[in-house]
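Data first, discussion second: the structure below is written as structure tokens.
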Amino acid sequence: MQKVKVDYSKYLKETFRVMKESGLLLTSVNKEGKINVMTIGWGTIGIIWGMPMFLVLVRPSRFTYSFIEETGDFTVNVPSERLREAVSFCGSVSGRDYDKFKEKNLTPLPGKGVKSPMIAECIFHYECKVLHRNDIIPARVPENVSGEFYPQGDYHRIFFGRIISTFSDNKVKIE
Numbered sequence: 001m002q003k004v005k006v007d008y009s010k011y012l013k014e015t016f017r018v019m020k021e022s023g024l025l026l027t028s029v030n031k032e033g034k035i036n037v038m039t040i041g042w043g044t045i046g047i048i049w050g051m052p053m054f055l056v057l058v059r060p061s062r063f064t065y066s067f068i069e070e071t072g073d074f075t076v077n078v079p080s081e082r083l084r085e086a087v088s089f090c091g092s093v094s095g096r097d098y099d100k101f102k103e104k105n106l107t108p109l110p111g112k113g114v115k116s117p118m119i120a121e122c123i124f125h126y127e128c129k130v131l132h133r134n135d136i137i138p139a140r141v142p143e144n145v146s147g148e149f150y151p152q153g154d155y156h157r158i159f160f161g162r163i164i165s166t167f168s169d170n171k172v173k174i175e
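So for the sequence shown, our numbering puts the first residue at 1; every next one is plus one.
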């Protein structure tokens with residue numbers, strides 16, 4: 001399906017709903033050109049420094065982490081309901097052990113403004129270039145949050161991705 005450029009704010013409500021209900025698919029590429037996809041359920045979109053940003057949280061232990069660090073970009077892809085099983089799979093196995101694109105018949109589309117690919121089967125795509133990163137400071141995380149989300153101490157890095165372009169299917173149907 002042909003992808004058309006749209007305003008980043010066009011599908012915010014749908015993006016947040018899908019992120020909360022099943023997750024979004026974040027893609028990245030390393031300097032050798034190997035691609036990976038992971039599921040994200042945490043993130044936000046806002047205006048920082050006068051620019052639209054997609055903030056994503058990635059743990060240093062994740063295969064994707066070093067890819068983003070190496071190339072400084074990523075895409076966030078909004079899947080339709082029919083990709084729910086693929087989203088679940090991509091969030092439960094590591095790209096170190098599986099080619100998730102191949103396993104779930106996902107098609108990488110070359111990014112238009114970033115090195116990381118989009119996923120053809122998804123309905124909406126954010127292309128992001130990392131402008132800043134912050135590490136979660138363990139001492140400043142409330143104890144109940146640390147206990148629930150960081151029992152092994154694997155705290156996230158927050159990547160501030162400037163949204164440089166957004167694309168959707170020609171005829172988006174949000175399910």
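Beta carbons: idealized from backbone N, C-alpha and C, even for Gly. Predicted model, so just to flag it, every value in this text is computed and none were measured.
In terms of Cβ geometry, residue 123 and residue 165 do not form a close pair [threshold 8 Å]. Residue 6 sits in coil when the DSSP states are folded into three classes, being neither helix nor strand.
Taking residue 87 as the centre and dropping the five residues before and after it, the same chain places the C-beta of 22, 23, 25, 39 and 79 closer than 7 Å to its C-beta, in chain order. Under DSSP, residue 19 shares a beta bridge with no residue. Bounds of any alpha helix (DSSP H) do not take in residue 35; it lies within the beta strand (DSSP E) bounded by 35–40. Rounded to whole angstroms, the separation of the alpha carbons of residue 59 and residue 156 is 4 Å.
Non-local beta-carbon contacts of residue 167 in its own chain, meaning distances under 8 Å to residues more than five positions away in sequence, involve 3, 4, 5, 6, 112, 118, 124, 125 and 127 in chain order. Using a 10 angstroms sphere on the CB of residue 50, the tally of other CB atoms stays under 16, which defines it as exposed.
For the set 65, 63, 67 and 43, the Cα lying nearest the Cα of residue 56 is the one of 43. Annotation for residue 71: the continuous alpha helix (DSSP H) segment containing it runs 63–71. Looking at the DSSP output, residue 128 sits in a beta bridge with 74 and 163. Residue nearest to residue 151 within the set 91, 161 and 138 is 138 (criterion: CA-CA distance). The continuous beta strand (DSSP E) containing residue 43 extends over residues 43–48. In the structure shown, the three-state DSSP call for residue 84 is helix.
Put simply, the backbone Cα of residue 116 is about 32 Å away from that of residue 145.
Short of 6 Å from the beta carbon of residue 109, and not among the five residues preceding or following it, lie these beta carbons of its own chain, in chain order: 117, 118 and 120. Straight-line measurement puts the Cα of residue 8 at about 8 Å from the Cα of residue 52.
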